[in-house]
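Chains as they are written, first to last, in numbering that gives the first Met the number 0: chain A, 0 to 308; chain B, 0 to 308.
Protein chains: 2
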Amino acid sequence: MKEFELIQLLTRDLASNSATVAGPGDDCAIIDLGIPGRQVLLKTDAVVEGVHFLADTDPKRVGHKALGRCLSDLAAMAGTPVCALVTLALPPERPTAWATQAYEGMNALANRYSVAIVGGETTTLPERALLSISLLGTVPTGRGILRSGMKPGDAIFVTGELGGSLAGHHLDFEPRLNESAWLASHFSLHAMIDVSDGLAGDLRHLLAASRCGAELLASAIPVSRAAQQAGKGSAARPPLLAALADGEDFELLFTVASADAVPLMDRWKERFPDTRLSCIGRASDTPGLRLKHPHRVEELTARGYEHFA
Amino acid sequence: MKEFELIQLLTRDLASNSATVAGPGDDCAIIDLGIPGRQVLLKTDAVVEGVHFLADTDPKRVGHKALGRCLSDLAAMAGTPVCALVTLALPPERPTAWATQAYEGMNALANRYSVAIVGGETTTLPERALLSISLLGTVPTGRGILRSGMKPGDAIFVTGELGGSLAGHHLDFEPRLNESAWLASHFSLHAMIDVSDGLAGDLRHLLAASRCGAELLASAIPVSRAAQQAGKGSAARPPLLAALADGEDFELLFTVASADAVPLMDRWKERFPDTRLSCIGRASDTPGLRLKHPHRVEELTARGYEHFA
Chain A
0 MKEFELIQLL TRDLASNSAT VAGPGDDCAI IDLGIPGRQV LLKTDAVVEG
50 VHFLADTDPK RVGHKALGRC LSDLAAMAGT PVCALVTLAL PPERPTAWAT
100 QAYEGMNALA NRYSVAIVGG ETTTLPERAL LSISLLGTVP TGRGILRSGM
150 KPGDAIFVTG ELGGSLAGHH LDFEPRLNES AWLASHFSLH AMIDVSDGLA
200 GDLRHLLAAS RCGAELLASA IPVSRAAQQA GKGSAARPPL LAALADGEDF
250 ELLFTVASAD AVPLMDRWKE RFPDTRLSCI GRASDTPGLR LKHPHRVEEL
300 TARGYEHFA
Chain B
0 MKEFELIQLL TRDLASNSAT VAGPGDDCAI IDLGIPGRQV LLKTDAVVEG
50 VHFLADTDPK RVGHKALGRC LSDLAAMAGT PVCALVTLAL PPERPTAWAT
100 QAYEGMNALA NRYSVAIVGG ETTTLPERAL LSISLLGTVP TGRGILRSGM
150 KPGDAIFVTG ELGGSLAGHH LDFEPRLNES AWLASHFSLH AMIDVSDGLA
200 GDLRHLLAAS RCGAELLASA IPVSRAAQQA GKGSAARPPL LAALADGEDF
250 ELLFTVASAD AVPLMDRWKE RFPDTRLSCI GRASDTPGLR LKHPHRVEEL
300 TARGYEHFA
């Protein structure tokens, strides 16, 4: 069973209550705790040795990645992070330095965004390390950007560059919290998600939630240098496919009304001159995801990889 | 390195911010999110197959235990639970029914206490199942019961019966949320903790946080039937030692001013006639933990077991 199907099964008939504004199904859950003018955002995410990082990966980068993934999800809702809980499961023989360095990586990132690490737990896991983070943030009431707000005609944007993340970016990416906060305060974002499963897969999540289709312009998709390099070998993988499907890019994928597209691009370049922003396509009321090449249009069947294959 | 020492190392110099009222070191963290009259409590806890449950344990009971442990910690702060996040890590070949049944156990308990399960994550863990819960609750501002409020002369109470939890109680216990809410609304609780590491170990946590000592009356310690049964075999473990050290009882251990002891006991019997409450000793300004037998006093060196041995 694929991860997506399992999640669908597990999230049927979940216990709920009146504080729950939005449960599973978006980048974060939304909770109403009675804070004047604000709602609470919650997210949990885990990284597993041998699945999301390797046994010889620098534990500082593992800690950075574990917290960074949750922060990226919070950015995708235009939230402000507040605090995190950490669960660290380790083989008993693992040197203490592994744990302290993983915490070092987390703390450095947490301090950069004023996130408090307020609790945690350590437990034994005989075979491999696992690091799970739960993150709490807030957002002005009703201003969390959902996956479901895309409208036909919207311009589709993505930050940064995509593909080839396994060459290093997946361990060192900076969650797009500053960019997301700026975007949400200056423009009316219709829908947003972070690119973790791959551009095609995550765009499909937006389309499904918003009941839209989309056309992407192949030439507009920002292919990373890493994906271009990887495409040069004899077992070459086309760089465009890498950009569409690799995943773990942790960039923001969002849509705005088409009238906002040009002003957004202009002001972005002033505010974030060193970070690429690409308008990669347009939302449509025709279902499906199409990729436009100079002389043909292909129906896109490539999907992001499934974590739980 | 023992779990306790590792935690001390990891919680030095943690990232913090002005929303953090109390970070690691008590049953839950306390956060100020600006809710009028209330603070937020946060707790995370994980159970690992082969460590906290067995491969053939009914997954419903595993789900119950995983959420119940967090609820027990929340009860120990006199908090009201609101919502939980779930991380489920499973071997890929594990039948889907294991996951759905674990969720069934969690949902049943969550529904009983109006807790919403608002999000989660599933990931691959090749060798064994792991279930991690993060719980959010609230408490009236300044009314969370800490470990550090015990005063010399306080009467020390424990709910229920202790020891032999591995015979089944550790999978089926009911978190003492109702009892804790009643206690906090009717009496001035000075300090509270839930008994997870064993009475002796958890009382030591209270003593350390409160800079007190204590005398326990051996005959007053409520020994469970399971501990008494286990004490009858040839490899017998004294039932009193089991009650002091087994752990995973998930009972409330708390102190009140000595003047409150008798009224508390009287009113408890009216309110919870089927649940034992025992006054097991008294706080002292003499450091250390002493166990009084009819004709001798022993300095108690028995400690709860260490999860991360």
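Every residue gets a Cβ at the ideal spot worked out from N, C-alpha and C, and that includes glycine.
All values derive from a computational prediction rather than experimental measurement.
My assumption, with CB atoms under 8 Å, is that residue i sits in contact with residue j. Please give the rounded CB distance.
i	j	result
glycine 212(B)	aspartate 284(B)	7 Å
arginine 175(B)	serine 277(B)	The pair is not a contact, with the Cβ atoms about 14 Å apart (cut-off 8 Å).
leucine 84(B)	serine 133(A)	5 Å
alanine 241(A)	alanine 199(A)	That pair is no contact at about 11 Å.
leucine 13(A)	asparagine 106(B)	6 Å
arginine 37(A)	valine 138(A)	7 Å
methionine 76(A)	aspartate 44(A)	The Cβ separation is near 14 Å, so there is no contact.
alanine 28(B)	glycine 118(A)	4 Å
isoleucine 30(B)	threonine 19(B)	6 Å
alanine 258(A)	glycine 163(A)	Rounded, the Cβ-Cβ distance is 34 Å, inconsistent with contact.
glycine 49(B)	arginine 127(B)	6 Å
valine 61(A)	valine 46(A)	7 Å
Note the first and the last residue of the continuous beta strand (DSSP E) segment covering residue i.
i	result
lysine 291(B)	288 to 291
glutamate 92(A)	Taken as a continuous stretch (DSSP letters only), glutamate 92(A) belongs to no beta strand (DSSP E), as it is neither H nor E.
serine 133(B)	129 to 139
DSSP has residue i in a bridge; who is on the other side?
i	result
arginine 281(A)	Ala154(A) and Glu214(A)
methionine 191(B)	Phe253(B)
threonine 274(A)	Beta-bridge pairing links threonine 274(A) to no other residue.
proline 23(A)	Asp25(A)
proline 80(B)	Gly136(B)
phenylalanine 52(A)	Glu48(A)
threonine 300(A)	According to DSSP, threonine 300(A) bridges with nothing at all.
glycine 119(A)	Val85(A)
glutamine 38(A)	Val138(A)
isoleucine 30(A)	Thr19(A) and Val39(A)
leucine 161(A)	Val222(A)
What residue does the alpha helix (DSSP H) around residue i start on, and which one ends it?
i	result
aspartate 265(A)	260 to 270
lysine 59(A)	58 to 74
alanine 226(A)	224 to 229
proline 241(A)	Correcting the residue identity first, residue 241(A) is alanine in this sequence and not proline. Counting along the chain, the alpha helix (DSSP H) containing alanine 241(A) begins and ends at 238 to 244.
glutamate 4(A)	2 to 9
alanine 235(A)	Alanine 235(A) -> no alpha helix (DSSP H), and no H or E assigned at all.
arginine 146(B)	Counting along the chain, arginine 146(B) falls outside any alpha helix (DSSP H), and DSSP gives it neither H nor E.
glutamate 178(A)	176 to 185
leucine 170(A)	168 to 171
glycine 200(A)	198 to 209
Suppose the cutoff is 8 Å on Cβ atoms and the five residues either side in sequence are ignored; what does the same chain contact list for residue i look like?
i	result
alanine 190(B)	Ile144, Leu145, Arg146, Ser147, Gly148, Met149, Asp153, Leu205, Ala208, Ser209, Phe253 and Thr254
aspartate 265(B)	none
glutamate 178(A)	Ala74, Thr158, Leu251, Phe271 and Thr274
glutamate 173(B)	Gly67
alanine 219(A)	Ser277, Cys278, Ile279 and Gly280
histidine 63(A)	Gly104, Met105, Ala107, Leu108, Leu170 and Asp171
valine 296(A)	Glu214, Arg289 and Leu290
Starting from the C-beta of residue i, find all residues in its chain whose C-beta is less than 6 Å away, skip the five residues before and the five after it, and write them out in chain order.
i	result
alanine 88(A)	Thr122, Leu124 and Leu129
aspartate 201(A)	Ile192, Val194 and Leu252
glutamate 305(B)	Confidence in glutamate 305(B) is poor, its pLDDT being 40 and thus under 50, which makes the residue's placement too unreliable to answer from.
threonine 10(B)	Pro23
leucine 32(A)	Val39
glycine 280(B)	Ile155, Ala213, Glu214, Leu215 and Leu216
glutamate 120(B)	Thr86
glutamine 100(A)	Pro58 and Lys59
cysteine 69(A)	Lys42, Asp44, Ile132 and Leu134
Going by the C-beta, is residue i closer than 7 Å to any heavy atom of the ligand MG?
i	result
leucine 188(A)	Questions concerning the ligand MG fall outside what the structure shown contains, since it holds no ligand whatsoever.
Using a Cβ-Cβ cut-off of 7 Å (strictly less than) and excluding sequence neighbours within five positions of residue i, which residues of its own chain qualify?
i	result
alanine 308(B)	Confidence at alanine 308(B) is low in this model, with a pLDDT of 27, below 50, so the placement of that residue should be treated as unreliable; the coordinate-derived value is given next. So the list reads Lys1, once near-sequence residues are dropped.
glutamate 298(B)	Gly287 and Arg289
alanine 260(A)	Ala154 and Cys278
threonine 95(B)	none
phenylalanine 326(A)	Residue 326(A) falls outside the range modelled here, since chain A spans only 0 to 308, and no answer is possible.
arginine 93(A)	Ala128
Taking a Cβ distance cut-off of 8 Å, strictly less, list which residues of the stretch 32 to 43 of chain A are near chain B, in chain order.
Within the stretch 32 to 43 of chain A, contact with chain B at the beta-carbon level (separation under 8 Å) is assigned to Leu32, Gly33, Ile34, Pro35, Arg37, Val39, Leu41, Lys42 and Thr43.
Could you run through the stretch 44 to 55 of chain B and flag, in chain order, every residue whose CB is less than 9 Å away from some CB of chain A?
Answer in chain order: Asp44, Ala45, Val46, Val47, Gly49, Val50 and His51.
Quick one: which residues of the stretch 92 to 126 of chain A get their C-beta closer than 8 Å to a C-beta of chain B? List them in chain order.
Here the close residues are Thr95, Ala98, Thr99, Tyr102, Met105, Asn106, Ala109, Asn110, Ser113, Val114, Ala115, Ile116, Val117, Gly118, Gly119, Glu120, Thr121, Thr122, Thr123, Leu124, Pro125 and Glu126.
Mind checking the stretch 156 to 172 of chain B against chain A and listing, in chain order, the residues whose C-beta falls within less than 9 Å of any C-beta there?
Against chain A - using a Cβ distance shorter than 9 Å - the stretch 156 to 172 of chain B contributes no residues.
Using a Cβ cut-off of 8 Å, which residues of the stretch 169 to 196 of chain A contact any Cβ in chain B, in chain order?
Considering only beta carbons, no part of the stretch 169 to 196 of chain A lies closer than 8 Å to chain B.
With 7 Å as the C-beta to C-beta threshold (strictly closer), list the residues of the stretch 65 to 89 of chain A near chain B in chain order.
Answer set for the stretch 65 to 89 of chain A: Val81, Cys82, Leu84, Thr86 and Ala88.
Taking a cut of 9 Å between CB atoms, which residues from the stretch 202 to 219 of chain B lie near chain A?
Cβ contacts with chain A: none found.
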